[in-house]
Amino acid sequence: MAVPTTQKGVTFYENNGALKYEDIKVPTPKADEILINIKYSGVCHTDLHAWKGDWPLPVKFDPYCVGGHEGAGVVVAMGENVKGWKLGDYAGIKWLNGSCMNCEECELSNESNCPEADLSGYTHDGSFQQYATGLAVQAAHIPKPSEGSEWYGKDDAYLAEIAPILCAGITVFKALKSSECAPGQWVAISGAAGGLGSLAVQYAKAMGFRVIGIDGGEGKEELFKKCGGEIFIDFTKEKDIPAAIVKATNGGAHGVISVSAAESAISQATHYVRTNGTIVLVGLPANAYCKSNVFDQVVKSYKIVGSYVGNRADTREALDFFERGLVRSPIKIVGLTELPRVFEEMAAGKILGRYVVDTSK
Ligand code: 8ID
Ligand code: ZN
Ligand code: ZN
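Next comes the structure, spelled out in structure tokens:
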């Protein structure tokens, strides 16, 4: 496969610096890496945090950083030690690009919790470029649509919709498992119409949970309902959100998946989680705290846990839900050149579902 030496990508040279659509070098895969011709990449709110630099984790600049960690494309080259891949395979760039493989968390398959985790679009150039390298053992194996599948012969649309599964899908699927809810129980999703939320609603439904969603703004309720959600609470209109949720669920949500990027929404969950329920923290607003009243937490014995993307098995399973048509990505495709505008909309909390950038435009 002919691989060019230069390509288009969006770079930034410092946090909050200009987002430049420019010609950059095509990276050469190391011995254990594959080179993926990225067709589409989802834009995750994490990419906005990376650009802003609002987390206590430095972004690499050498001299620039290319963001993006929901990249779907085709393997076009690979290093000499790579096993299990062939040219032409579909592959995905996800947030976790590599880890030390020696620490206790890596040993337990919790690679995302490794203190030396290598992160796409953060410590390793990501998917907002036409060609990206990924560690062969961590890149996602994306099955080709088989005959009989609704995606057969629609490979472009398929790769575009698969892109958001590579972070948002994996993350919410793992978070829902971490909620330890049982089928038939109520799961509240805070931030239900954003990128993670709109997928969380669908995974939750497919897992047999009842879904109550919290979000606000134009078109959010409509999208939530389209994704299969049951009850919607608009945080811009509802004065007492916890009371509304406790009433609607007859006692509170058994599980809460907190995917909003708003600190105020996080502590609020402690007031509508059910006794013995679980709040799963996923959204990562800068410098935020989850305030929980100790008396309430002890007496109601609810749990507050964190959940951070997922491992390779979660990746395979999350993709499998998509392959089987149980979830669809509510996407809007725009050119890579439009990334700055997508960030603006995201910062304003106006995004419905997920933006996916087409790297050829
Ligand atoms: O592994 C992880 N833990 C992980 C993985 C991927 C992303 C964590 N994240 C983090 C991101 O870094 C970000 O902080 O999850 C957060 C959400 O990412 P996203 O879904 O990609 O963001 P979005 O598409 O902008 O959606 C956020 C939604 O929250 C709503 C917005 O309206 C939007 O729909 N929201 C806001 I802003 N305030 C809210 C509030 N008070 C609210 N929803 C409910 N209550
Ligand atoms: Zn992400
Ligand atoms: Zn490790």
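Each residue of the sequence shown is one higher than the last, beginning at 790 in the numbering used here. Ideal placement from N, C-alpha and C gives every residue a C-beta, glycine not left out. Just so you know, these numbers come straight off a predicted model, no measurement behind them.
Tell me whether residue i, by its Cβ, gets closer than 8 Å to a heavy atom of ligand 2.
{"i": "Ala957", "result": "yes"}
{"i": "Glu859", "result": "yes"}
{"i": "Thr912", "result": "no"}
{"i": "Asp836", "result": "yes"}
{"i": "Thr960", "result": "yes"}
{"i": "Cys970", "result": "no"}
Going by the C-beta, is residue i closer than 8 Å to any heavy atom of ligand 1?
{"i": "Trp884", "result": "yes"}
{"i": "Tyr1005", "result": "Reading off the sequence, residue 1005 comes out as Gly, not Tyr. Yes; taking the cut-off as 8 Å, the Cβ of Gly1005 has a heavy atom of ligand 1 nearer than that."}
{"i": "Tyr1097", "result": "yes"}
{"i": "His1060", "result": "no"}
{"i": "Arg1101", "result": "no"}
{"i": "Pro1074", "result": "yes"}
{"i": "Cys833", "result": "yes"}
{"i": "Ser1053", "result": "yes"}
{"i": "Lys763", "result": "In this structure the chain extends from 790 to 1150, so residue 763 is not present and cannot be described."}
{"i": "Ser901", "result": "yes"}
{"i": "Gly984", "result": "yes"}
{"i": "Val1071", "result": "yes"}
{"i": "Met867", "result": "no"}
{"i": "Phe1024", "result": "yes"}
{"i": "Gly980", "result": "yes"}
{"i": "Ser1049", "result": "yes"}
{"i": "Gly1124", "result": "no"}
{"i": "Gly856", "result": "no"}
{"i": "Ile1020", "result": "no"}
{"i": "Met996", "result": "no"}
{"i": "Ile1140", "result": "yes"}
{"i": "His1143", "result": "Inspection of the sequence shows that residue 1143 is occupied by Arg rather than by His. The answer is yes for Arg1143."}
{"i": "Val1135", "result": "Looking at the sequence itself, residue 1135 is Met, so the reference to Val does not match. The answer is yes for Met1135."}
So if DSSP puts residue i in a beta bridge, which residue, or which two residues, is it bridged to?
{"i": "Ala921", "result": "Ile825"}
{"i": "Tyr1144", "result": "Lys1121"}
{"i": "His930", "result": "Ala880"}
{"i": "Glu811", "result": "Gly798"}
{"i": "Trp975", "result": "Arg999"}
{"i": "Ala1042", "result": "Val1062"}
{"i": "Phe1021", "result": "Gly1002"}
{"i": "Cys854", "result": "Phe801"}
{"i": "Gly1095", "result": "Leu1070"}
{"i": "Ala866", "result": "Leu824"}
{"i": "Ser830", "result": "Gly860 and Val1146"}
{"i": "Asp843", "result": "Note: Asp843 sits in no beta bridge, so no partner."}
{"i": "Leu885", "result": "Leu908"}
{"i": "His838", "result": "His838 is not bridged to any residue."}
{"i": "Ser1047", "result": "Ser979 and Leu1070"}
Using 8 Å for Cβ pairs, my map puts residue i next to residue j. What's the rounded Cβ distance?
{"i": "Pro816", "j": "Asp914", "result": "7 Å"}
{"i": "Ala1107", "j": "Ile959", "result": "5 Å"}
{"i": "Asn1100", "j": "Glu900", "result": "6 Å"}
{"i": "Phe1132", "j": "Leu837", "result": "5 Å"}
{"i": "Gly862", "j": "Lys828", "result": "5 Å"}
{"i": "Val1045", "j": "Ala1058", "result": "4 Å"}
{"i": "Phe1110", "j": "Phe962", "result": "7 Å"}
{"i": "Lys883", "j": "Cys956", "result": "6 Å"}
{"i": "Ile1022", "j": "Ile1055", "result": "At roughly 15 Å, the Cβ-Cβ gap does not stay under 8 Å, so Ile1022 and Ile1055 are not in contact."}
Give a yes or no on whether 9 Å exceeds the smallest Cβ distance from residue i to chain B.
{"i": "Leu965", "result": "Absent here is chain B; the protein component of the structure consists of one chain."}
> Are at least three pairs of beta-carbons, each pair with one atom in the region 822-834 and one in the region 865-882, less than 8 Å apart?
Replying inline: yes
> Is there contact here, the region 1036-1044 with the region 973-982, by at least three beta-carbon pairs under 8 Å?
Replying inline: yes
>> Can you tell me which residues fall inside 5 Å of ligand 3, judged by beta-carbon distance to its nearest heavy atom, and keep chain order?
In response: Ser888, Cys889, Cys892, Cys895 and Cys903
>> Quick check: the region 918-931 against the region 1136-1147, are at least 3 beta-carbon pairs closer than 8 Å?
In response: no
> Are at least three pairs of beta-carbons, each pair with one atom in the region 1003-1012 and one in the region 1068-1083, less than 8 Å apart?
Replying inline: no
>> Using 8 Å as the cut-off, can you tell me whether the region 893-904 makes contact with the region 929-949, which would need three or more C-beta pairs spanning the two stretches below that distance?
In response: no
>> Counting beta carbon pairs with one atom in the region 873-889 and one in the region 899-916, are three or more of them shorter than 8 Å?
In response: yes
> Are at least three pairs of beta-carbons, each pair with one atom in the region 966-973 and one in the region 1124-1132, less than 8 Å apart?
Replying inline: no
>> Would the region 995-1002 count as touching the region 1015-1025 if we require 3 or more Cβ pairs under 8 Å?
In response: yes
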